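Under my numbering, the first residue of the sequence shown is numbered 1, with each subsequent residue one higher.
A virtual CB, placed ideally from N, CA and C, is assigned to each residue, including glycine.
Values in this document were obtained by computation on a predicted structure and should not be read as measured data.
Single-structure report; data block below.
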Amino acid sequence: MCLVIKYSLLTTYIFLIFVCMKKIDIRTVNVIQYLQPLREGGSLPAIVKADDDFLYVLKFRGAGQGKMALIAEFIGGELARAIGLKVPELVFMNLDDSFSKTQPDEEIQDLLKFSVGLNLGLQFLSVAITYDPLVNDVDAMIASKVVLLDSIISNIDRTDKNTNLLHWNNELWVIDNGASFYFHHNWENWRNHLTRTFPLIKDHVLLKEATKLNEAATEIKKLVSKELINEIVSSIPEDWLIIESTTMTPAQMRAAYIEFITTKLTNIDLLVKEATNAR
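Written as structure tokens, this is what we have:
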């Protein structure tokens, strides 16, 4: 679907450049207008306007994978930004209970009802197009970083069928990391994933172009420190970590995310070898 919204491309680009230069400092905004649902994905995200006058793609806590998908989206996005990849700004978005009352679509009504509270928004990139490996070129270092990022966070959803990458202003932008960290859908066995590699990397849309995996691994290890991981994970909203299906506390979950990412970085050479063999 081609969505065209009258929006200042230049203003958005300047804003995003500023955001990419900042440290982890997540803003919180309020949704003031529900504009349009995006029906390509199963979670039914929407384009909304916030009280800072910017447009965002809103990911709902009441969607299929719930708050776990928001956590994966948040951690994956901020790690991608930290290693030098282009990522739309991520913001926490307050949604009140008034929007469901004005929507005629019952599915959207229910989604908005179940998503009252703090959700996650991605800065909307006006007139961006989905990355097409048959049309768009990508730099080898960027491709290698994306491949290793997805190996680290176990992202199962960056394939030819669903690239979850955008081409905007002649640059590659990383979006939609919600299918990452799939271990957190079963907390009882999360430790079993610590020493696993990521065989599904063989299906990655950028694997063919990822010819600088060793160089990318070296740079990633320099850019992602334990302090940075702690900072990202500590920024996860507390109520996103309150899950009825587990006895783990929010503090224990934060420690698990930190240990998982740290372990993957420690073993990044194994991920490089796996991806190289898959190529």
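By the Cβ neighbour-count rule, Lys264 is buried, with 16 or more other Cβ atoms within 10 Å of its own. Excluding residues up to 5 positions away in sequence, Trp187 lie with their Cβ nearer than 6 Å to the Cβ of Thr246 in the same chain. Leu120 and Lys67 have their C-alpha atoms spaced approximately 9 Å apart. Inter-residue distance for Lys59 and Asp269 is about 33 Å (C-alpha atoms, whole angstroms). Comparing alpha-carbon positions, the option among Leu194, Leu148, Leu95 and Val91 lying closest to Gly84 turns out to be Leu148. Counting along the chain, no beta strand (DSSP E) covers Ile153, and no H or E run does either. Straight-line measurement puts the Cα of Glu171 at about 31 Å from the Cα of Leu95. Cα atoms of Ala275 and Ile201: separation of roughly 6 Å, rounded to the nearest angstrom.
For the pair Ile153 and Gly64, the CB atoms are not nearer than the 9 Å cut-off.
Between Arg279 and Lys208, the gap from beta carbon to beta carbon is short of 9 Å. Around the beta carbon of Arg191, fewer than 16 other beta carbons lie within 10 angstroms, which makes this residue exposed. Judged by DSSP secondary structure, Glu215 falls within the alpha helix (DSSP H) whose first and last residues are Leu213 to Leu223.
For Lys226, the secondary structure class from DSSP, reduced to helix, strand or coil, is helix.
Three or more Cβ pairs closer than 8 Å define a contact, and the stretch 38 to 56 falls short of that threshold against the stretch 218 to 238. Note: Pro199 is not bridge-paired with any residue in the DSSP secondary-structure output.
The DSSP-derived three-state label of Tyr257 is helix. The C-alpha of Leu213 is placed about 44 Å away from the C-alpha of Lys113. In its chain, beyond the 5 residues on either side, Val87, Leu149 and Val174 have a beta carbon closer than 6 Å to the beta carbon of Ala80.
Comparing alpha carbon positions, the residue from Lys145, Leu122 and Met248 closest to Val224 is Lys145.
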